[in-house]
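Here's the structure, in structure tokens; my notes come after.
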Amino acid sequence: MQNKADHQPEILAVDDTPANLQVVADTLSPAGYIVAAVTSGERALKRLQTYVPDLILLDIQMPGMDGFETCRQIKDNPNTASIPIIFITALSDDKSIIKGFDLGAVDYITKPFREAEMLARVKTHLQLGKLRANLEKQVEQRTTDLTQAIEKLRSSQMQLVQQEKMAGLGNLVAGVAHEINNPLSFITGNITMLKDTLVDLLAIIQAYRQEYPEPSPDLAEEIENADLDFLLEDIPKILVSMQQGVKRIANISTSLRTFSRADTDIKTEFNVHEGLDSTLLILKYRLKANEQRPAIKIVKNYGDIPELKCYPGQLNQVFMNILANAIDTLDEKSKNKSFEEIEKDPNYITVTTDLSEKKQDVVVRIIDNGMGMPESVKAKIFEQGFTTKKVGKGTGLGMAIACEILTKKHCGKITCSSQLGQGTEFVISLPLG
């Protein structure tokens, strides 16, 4: 099959009058167009089963299936719906013209034919069709790139929450953030190219107006009434959607970098709220509604606290472990319950920050209304090697290591309060000095 990029434009002419078909062929063939002709709507539909032209010239008044019905069936077929159709008509009443546009035609040519007008209209709509096809191809490619970037991010998030070692977790996330930036920059740059292509499309329309500043009265009226922006109405929506997707990925990438800050031997200033927010954003896919339950509500009660000198990457990993465990227990609580039952007692996680009474510590409280823990589990929760999860589940950090990070690395404290069936509260205290 010949490549459409370098082939001669192919036009299917449909008219029950052979003399009219001959005029079309005599006009378009010398201009480099390949013209195929059929004498009825039925034959046109049959021909289109094995042949896809670049444009269709379609007579309205034909015996049997008229042009309107032929157009409707062409547009109803996904394989032919994108082919531009120009009506050939002796009808000049507004009702017929509007009906043609409503059915999906892009233009119309009146009989008797004017050679220059036919050539100009065919050329313009072939150019518009080519531009539209190129835009759709570019948008499809950008959408594929965006989907791949999101899938890569999702996969990276899953890897992040399943890491078995604390040090490897931070390095992994930092690498993921770097990898995301590459396709992100690519997509951002190509959105600009799409905008430029849209400008080119508008320029072609403007050139058409300049080339024919004094069209026929019927055409002038149609130009005034027609909404030329209709051809482009989907393009701005696609661009906005892509820009929103890019912004979403950029926010997640920033959160990943915040979460995976490389720690050194020296403590650095850290905004605890940014750490909590970045961790919650990374876990957002787990907080959303799924087949088993509605979305988990996050309640933030952030107090006025100063930045903290600490090891940011390690603290973020502690936040990740506690919040991921809270989501796990809420998922467990939601099993075998209907959405209606859960909505009466909604799942939530509350994150509160404040200063201690003596203003010497930053206090972080993370509370869930999940399953809670029996005393036997609560008594062992900070012991080395203790876990209630199956192999391969959880963040791989463990509350014992989280406790070690807080107590030995930061001279802080962590306590757990829980009652079976009533939820769990973790309280983290970190000294300011």
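Sequential numbering of the sequence shown, starting at -6, is according to my numbering.
Glycine included, every Cβ here is placed at the ideal spot set by N, Cα and C.
Here H403 is buried: its Cβ has 16 or more other Cβ atoms, across all protein chains shown, within 10 Å. Membership of I91 in any beta strand (DSSP E) is not indicated; the residue belongs instead to the alpha helix (DSSP H) covering 87 to 95. Using a Cβ distance threshold of 8 Å, I289 and I245 do not count as a contacting pair. Burial check for M366: the Cβ neighbour count within 10 Å reaches 16 or more, so the residue is buried. With 16 or more neighbouring CB atoms inside 10 Å of its own CB, I360 falls in the buried class. By the neighbour-count criterion, in which a residue is buried when 16 or more other Cβ atoms sit within 10 angstroms of its Cβ, F312 is buried.
In this structure, DSSP gives K373 a state outside helix and strand, which the three-state scheme calls coil. Shortest Cα-Cα distance from H118 to any of D59, M186, L41, I4 involves I4. Within the same chain, V7, A37, R40 come within 6 Å of V31 by CB-CB distance, once the 5 residues on both sides are set aside. For N283, there is no enclosing alpha helix (DSSP H), as DSSP marks it with neither H nor E. Apart from the 5 residues on each side of it in sequence, A29 sits with its Cβ closer than 8 Å to the Cβ of E3, I4, L5, A6, R40, Y44, P46 in its chain, given in chain order.
Proximity to C303 across N264, G122, V292, I315 peaks at N264, based on C-alpha coordinates.
For D19, the enclosing alpha helix (DSSP H) stretches over residues 11 to 21. Taking the C-beta atoms as reference points, S349 is found no nearer than 8 Å to N309. One alpha carbon belongs to S422, the other to I407, and they sit about 6 Å apart.
DSSP lists L51, Y101 as the bridge partner or partners of F80. Taken atom to atom, the span from the alpha-carbon of I398 to that of Q237 is near 37 Å.
Nearest to P77 by C-alpha distance, out of D87, S33, I90, R125, is R125.
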